[in-house]
Amino acid sequence: MVQLNSHPHCVFSIKAHLVLVTAYRRNVITKTILSDLEDHTRRVFCLSNVEVIEFNGEADHVHILLNMKPNITPAKLVNSIKTVTSRWVRRDHWPHVKKQL
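Residue numbers (the working numbering): 68 to 168.
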């Protein structure tokens, strides 16, 4: 049975499947990067009141299944997560990323 959430004037269940791909689909994401990426992603989504249902990925992409509220704009959410994760990966893992790109 579908679990529904509610606001004062509506009942909803909004799921989103987000796929983030590396530049040129290069194999940049290692297990360490994926694990750290999950931690950072969950933190950003938590601040936006978005529930991460599932998170997994491979060397060239990441899948994120989200449970969202109707007052959240998907475009702004994607923009913020791409900005935060890109900055973080470049800051902490640049030597590895530079070799792969």
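Beta carbons: idealized from backbone N, C-alpha and C, even for Gly. Source: prediction; values computed, not measured.
- Item | Which listed residue (Q70, N123 and V95) has its alpha carbon closest to that of V86 | N123
- Query: Start and end of the alpha helix (DSSP H) containing K98?
  - Reply: K98 to L114
- Write down the C-beta distance between H128 and V88 rounded to the nearest angstrom, noting that I regard them as a contact closer than 8 Å. 5 Å
- Which residues DSSP lists as bridging V86, in chain order: H130
- Would you call the CB atoms of N138 and I120 closer than 7 Å? no
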